[in-house]
Every structure is written in structure tokens, then in C-alpha cells.
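Trainee:
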Amino acid sequence: MLLELTLHTWRAVVTPLHALAIGCTIFRLWHRYRIRQLWWDDYWATISLFFDVVYTSTPFLRYDISDPRPTKEMRIMIYWLTALIFPPGTWSARISIGMSIARIVPSQTHTRHMLYAMNGLFGSMCIGQMLHKIVICTRDTSWHNNAAVQCYLGSGVGVLSLCTDLTADACLVTIPLRMLWRVKLPRTQRRLILSIFASSFVSSLVGIVYTVFVFQKQKGGQVWGYWIGLIAGIKAAVTLLVCNLLVIVMFLYRIFWKDEADTVSEPSETRSKPTHPLPTTSTFIIPRPTILSLTEISNTQRIGTATHLSEPLTVVQSTPCRGSLPLAPSNRCVSM
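Each residue of the sequence shown is one higher than the one before, starting from 1 at the first, in full-length UniProt numbering.
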């Protein structure tokens, strides 16, 4: 027996989740813009944000069966909007996660190309899901005349949705695990980053519940359609939240826990390392008199003026990648 679900309950459940996901995405984009590190993962997050804003409005476009205001054509149009706006919203969020992984991989490497191919596969899965829905719902238009005006997709769409979701989330979890498994990071940071990437499976759990409802071939009326819409809305919101989780958690980590974590050494590491503190800077003594060209280390790499030195000069080289992820083989760092 399916529990009763009203249109107002559907709206009350999904709206706060989507508001949280949209707010996190806006904060993520603002933060990346502020530090001038916008990249393709942020652009795909923007695309997912657009689709999610539209999808959030769809429950408010729905009407109860007893409401005489909408015509049958209007109900059909609202259904198509809801059905076709859902796949690109979730898959663009997954592509954003894939590009977040790609940005910490050195360019012109096999892994980077493999990640690009994976994102292309995600796009193909999105198109496949949309085409499958279109074929099923246009081949049998009897749903135009039922009370709920809801196309019941059946087991075929359920199998396709489940297989693609599990495949995508498995890729988004195993690839970062394999990449970061041998990276030397403090234990706290390692667990934090791996847990964030593993959170992609949360959307798979919601997707399994969604598939269970889609599997049902019986036509349960408007209440059944409300349940499918509710679970799909939760899935879309969770996927967008997971998309932004890495950026937001790393931002909060650098603010609240970074300094504390940096002072805590790993027990296994302190036994194998010398007891005296390791230098964090490298010094180079330049004898006088010397003519030295000072170079400002910045994004533009502007060249300073030549200066005569009458005393020895100590050039201090700061430790790179503090609070960021180092990128092998170069010393380039990317803040998440």
C-alpha cells in the first residue's frame, strides 16, 4: 500500500533541499571567481545549476486532479518539462565532478585523457536516457488520457537508469581512490578527500529507490506520480550537493581546521623522521658584490629592476602547495 503523498508535501520536502544545493553552487562559483580559479568543473556546475533552478519550479507548476484550471495540453507540457529537464541536471553535475578530478591531474597524460573520455561517456548516457524516455512516451500516448497525465516508463527505463547511475558513480569513486591512494598526505586530509569523493554513492542510493518506483508497471494514479517526482527531486538535489561538496569542505577546512591539523604529526611518520624540525625554506647565500635581477613570482612573472648588493643576500624559497593539492610532476598547485 503506497503512503498518501500530496502535492504540498512534495513541494515542502524538495524545495529546501534544492535551495541548499543552489545556495552551495552559488557560493562555490563566487569562491572560485574570487580566487580566480574558475575552470571547466565550475562551468559544468553552472549548467547543472541552471537545470536545477528550472527543475525546482516544476512542482509548483503541477496541479491536483480536482483543479479545473489547467487543460490537458498544459498538463502534458508540464510533464515533458519535468521529464526532460531531470537528466541533464544530474549528468552535468556528474561531469562537473569528473572535471574536478581532471583539474588535479597533469595535462597531456593518459589519466587526463581517460577522464575526458569518461565525461564524454557521461554525456552519452544523458542523451541515451532522454531519448529512451521520448521513444517510450511518444510510442504509447494513452497516458495523455489518464487522470494523472503521467507517462509510466516501466522496467526498461528503470534498468537503464540504474546501470548508468551505478557505472557513473563507480567511476567517480574508484578513479580518485586510485589516484590519491599513494599520495603522501596527512591522515586527516586523506580521509577527508577520499570521503568526499566516496559521497558520490549517496546519489546512487537515491537512484536505486527511484528505480524501484520506476520498475512498477502498475499505474498508481497521481499519488504514484508524486512519489516518483519526489524521489527524482531528491536525487537531483543530492547530486548537485555532492558536486559542490569538495570545494566547500576544503574551503571550510582551510579556515577552521588547517592550522590545527598542520601542528598535529602522524604517529607513524614521527617515528621514521628525525626529531629536529624540518626546514620549510631553502636559503641561498650570494656573495657580494653581485648584480642580481629580482623576479617577482606571480601569475604575470614580471621582472624587477637590477640591484647592486653590498651585503650578502639570502633568497628565501617558500614551501609550495601549503593547503593545496600538489600536482606531479610539476610544482603547480590547485586549490580545491
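Just so you know, even glycine gets a beta-carbon here, dropped at the ideal spot from N, CA and C. None of the values given here were measured: they were computed from a predicted structure.
#1: Can you confirm whether the stretch 115-133 touches the stretch 162-173 when touching is taken to mean that 3 or more C-beta pairs between the two stretches lie within less than 8 Å?
#2: In whole angstroms, give me the CA-to-CA distance for residue 127 and residue 40.
#3: Do you know how far the Cα of residue 147 is from the Cα of residue 6?
#4: Distance check for residue 242 and residue 97, CA to CA, integer angstroms please.
#5: Are the Cβ atoms of residue 51 and residue 232 separated by less than 9 Å?
#6: Taking 9 Å as the cut-off, decide whether the C-beta atoms of residue 38 and residue 49 are in contact.
#7: Quick one: using the 10 Å Cβ neighbour count with 16 as the cut-off for buried, is residue 314 buried or exposed?
#8: State buried or exposed for residue 206, treating a residue as buried only when at least 16 other CB atoms are found within 10 Å of its CB.
#9: Any heavy atom of the ligand GDP inside 8 Å of the beta-carbon of residue 210?
#10: Go through its chain and collect everything with a Cβ distance to residue 245's Cβ below 7 Å, but skip five positions before and after it.
#11: Please determine if the stretch 68-84 and the stretch 53-60 are in contact, where contact requires at least 3 C-beta pairs separated by less than 8 Å.
#12: Am I right that residue 227 and residue 215 are in contact with their C-beta atoms under 8 Å? What's the rounded C-beta distance?
#13: Indicate the three-state DSSP secondary structure (helix, strand or coil) for residue 59 in the structure shown.
#14: Residues in its own chain within less than 6 Å of residue 111 by CB, not counting five upstream and five downstream?
#15: In chain order, what are the residue ranges of uninterrupted alpha helix (DSSP H) at least 4 long that sit wholly in the stretch 133-215?
#16: Residue 240 and residue 25 look like a contact to me (Cβ under 8 Å); what is the Cβ gap, rounded to whole Å?
#17: Using CA atoms only, rank isn't needed, just tell me which of 181, 129, 144, 141 is closest to residue 157.
#18: Apply the 10 Å Cβ neighbour rule to residue 235 and answer buried if 16 or more other Cβ atoms are within range, or exposed otherwise.
#19: Once the 5 residues before and after residue 177 are set aside, which same chain residues still bring their CB inside 8 Å of it?
#20: Under the three-state reduction of DSSP, which class applies to residue 90: helix, strand or coil?
#21: For the alpha helix (DSSP H) that residue 16 lies in, which residues bound it at each end?
#22: Buried or exposed: residue 133, going by 16 or more other Cβ atoms within 10 Å of its Cβ?
#23: Return helix, strand or coil for residue 107, following the three-state DSSP convention.
Mentor: To lay it out plainly:
#1: yes
#2: Locating residue 127 in the sequence shown gives position 127, counting from the first residue. Locating residue 40 in the sequence shown gives position 40, counting from the first residue. Distance between the alpha carbons of residue 127 and residue 40 is about 20 Å.
#3: Your numbering for residue 6 matches position 6 in the sequence shown. Your numbering for residue 147 matches position 147 in the sequence shown. For residue 6 and residue 147, the distance between alpha carbons rounds to 15 Å.
#4: As a first step, residue 97 is located in the sequence shown; it is residue number 97 there, counting from the start. As a first step, residue 242 is located in the sequence shown; it is residue number 242 there, counting from the start. In a straight line, the C-alpha of residue 97 is about 8 Å away from that of residue 242.
#5: Within the sequence shown, residue 51 is the residue found at index 51, counting from 1. Within the sequence shown, residue 232 is the residue found at index 232, counting from 1. Contact flag unset, no.
#6: Your numbering for residue 38 matches position 38 in the sequence shown. Your numbering for residue 49 matches position 49 in the sequence shown. No; because the gap between Cβ atoms is not below 9 Å, this pair is not in contact.
#7: As a working mapping, residue 314 is identified with position 314 in the sequence shown. Bear in mind that a pLDDT of 38 at residue 314, under 50, signals an unreliable position, so the number given afterwards is only what the model happens to contain. By the neighbour-count rule (16 or more Cβ atoms within 10 Å), residue 314 is not buried but exposed.
#8: Residue 206 sits at position 206 when you count from the first residue of the sequence shown. With 16 or more Cβ atoms within 10 Å of its Cβ, residue 206 is classed as buried.
#9: Looking at this structure, you won't find the ligand GDP or any other ligand, since it has none at all.
#10: Counting from one through the sequence shown, the residue named residue 245 turns up at place 245. So the list reads 196, 199, once near-sequence residues are dropped.
#11: yes
#12: Position 227 of the sequence shown, counted from the first residue, corresponds to residue 227. Position 215 of the sequence shown, counted from the first residue, corresponds to residue 215. Actually they are not in contact, since the Cβ atoms of residue 227 and residue 215 sit about 13 Å apart, beyond 8 Å.
#13: Residue mapping note: residue 59 aligns to position 59 of the sequence shown, counting from 1. In the structure shown, residue 59 sits in a helix (DSSP, three-state: H, G or I).
#14: As a first step, residue 111 is located in the sequence shown; it is residue number 111 there, counting from the start. Around residue 111: 105.
#15: 155-180, 187-198, 200-215
#16: Residue 240 sits at position 240 when you count from the first residue of the sequence shown. Residue 25 sits at position 25 when you count from the first residue of the sequence shown. The Cβ separation is near 6 Å, so the contact holds.
#17: In the sequence shown, residue 157 corresponds to position 157, counting from 1. Ranking the options by Cα distance to residue 157, first place goes to 129.
#18: Translated into positions along the sequence shown, residue 235 becomes position 235. It counts as buried.
#19: Taking the first residue of the sequence shown as 1, we reach residue 177 at position 177. Hits under 8 Å: 194, 197, 198.
#20: The sequence position of residue 90 within the sequence shown is 90, counting from 1. DSSP places residue 90 in helix when its eight states are reduced to three.
#21: As a position in the sequence shown, residue 16 is number 16, starting the count at 1. Where residue 16 is concerned, the enclosing alpha helix (DSSP H) stretches over 7-34.
#22: In the sequence shown, residue 133 corresponds to position 133, counting from 1. It is buried - the Cβ of residue 133 has at least 16 other Cβ atoms within 10 Å.
#23: Mapped onto the sequence shown, residue 107 falls at position 107. In this structure, residue 107 counts as coil in the three-state DSSP scheme.
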